[in-house]
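**Student:**
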Amino acid sequence: MTQPDLRKPVHNPHTASRVFSGEAVIVSPAENMVRLLNPVGSRIWELADGAHTVEEIAAVLTEEYAIELPMARESAAQFLHDLAGKELIAWA
Numbered sequence: 000m001t002q003p004d005l006r007k008p009v010h011n012p013h014t015a016s017r018v019f020s021g022e023a024v025i026v027s028p029a030e031n032m033v034r035l036l037n038p039v040g041s042r043i044w045e046l047a048d049g050a051h052t053v054e055e056i057a058a059v060l061t062e063e064y065a066i067e068l069p070m071a072r073e074s075a076a077q078f079l080h081d082l083a084g085k086e087l088i089a090w091a
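In numbering that gives the first Met the number 0, the protein residues as written are 0 to 91.
(1) Could you name each continuous alpha helix (DSSP H) segment of 4 residues or more that falls completely within the region 46–88, going from the start of the chain to the end?
(2) Which residue from 75, 3 and 13 puts its Cα closest to that of residue 47?
(3) Would residue 27 pass as an interface residue toward chain C - the criterion being a Cβ-Cβ separation below 8 Å?
(4) Say whether the region 12–25 touches the region 38–57, bearing in mind that this needs 3 or more beta-carbon pairs closer than 8 Å, one atom from each stretch.
(5) Is the distance from the Cβ of residue 13 to the Cβ of residue 28 below 8 Å?
(6) Considering only DSSP beta bridges, list what residue 17 is partnered with.
(7) How many whole angstroms separate the CB atoms of residue 87 and residue 25, which I take to be in contact at a CB cut-off of 8 Å?
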């Protein structure tokens with residue numbers, strides 16, 4: 000069994016974002032880039048508020064997208080790892 004990931008992702012304060020019709024648009028001034036996230040990525044972005052753990056985010060995904068918890072854990076962790084690598088999130 001995989002241990003729950005209790006890290007709490009939080010948006011980089013130097014980014015700006017908005018969610019339109021379930022899709023997040025993120026502006027990263029440091030990279031001078033705009034990123035558009037799909038609905039699942041947008042939901043993860045919304046929950047990356049410094050209050051939710053990766054495990055809690057995965058649980059929400061299982062409820063809202065009817066996927067199994069192990070897949071939700073893996074997907075959320077990988078997506079957040081990618082966002083952290085682009086300096087769009089940090090860990091609270």
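Even for Gly, the Cβ is constructed at its ideal location relative to N, Cα and C.
Quick caveat, the model's predicted, so the values are computed rather than measured.
**Tutor:** With the given structure in hand:
(1) 53–64 and 68–84
(2) Here residue 47 refers to the residue found at position 48 of the sequence shown. For residue 47, the nearest C-alpha among the options comes from 75.
(3) Here there is only one protein chain, and chain C is not present.
(4) yes
(5) For the purposes of this step, residue 13 is identified with residue 14 of the sequence shown, where counting begins at 1. For the purposes of this step, residue 28 is identified with residue 29 of the sequence shown, where counting begins at 1. Contact flag set, yes.
(6) For this step, residue 17 is matched to residue 18 along the sequence shown. Beta-bridge pairing links residue 17 to 24.
(7) Residue mapping note: residue 87 aligns to position 88 of the sequence shown, counting from 1. Residue mapping note: residue 25 aligns to position 26 of the sequence shown, counting from 1. About 6 Å separates the two Cβ atoms, so the contact holds.
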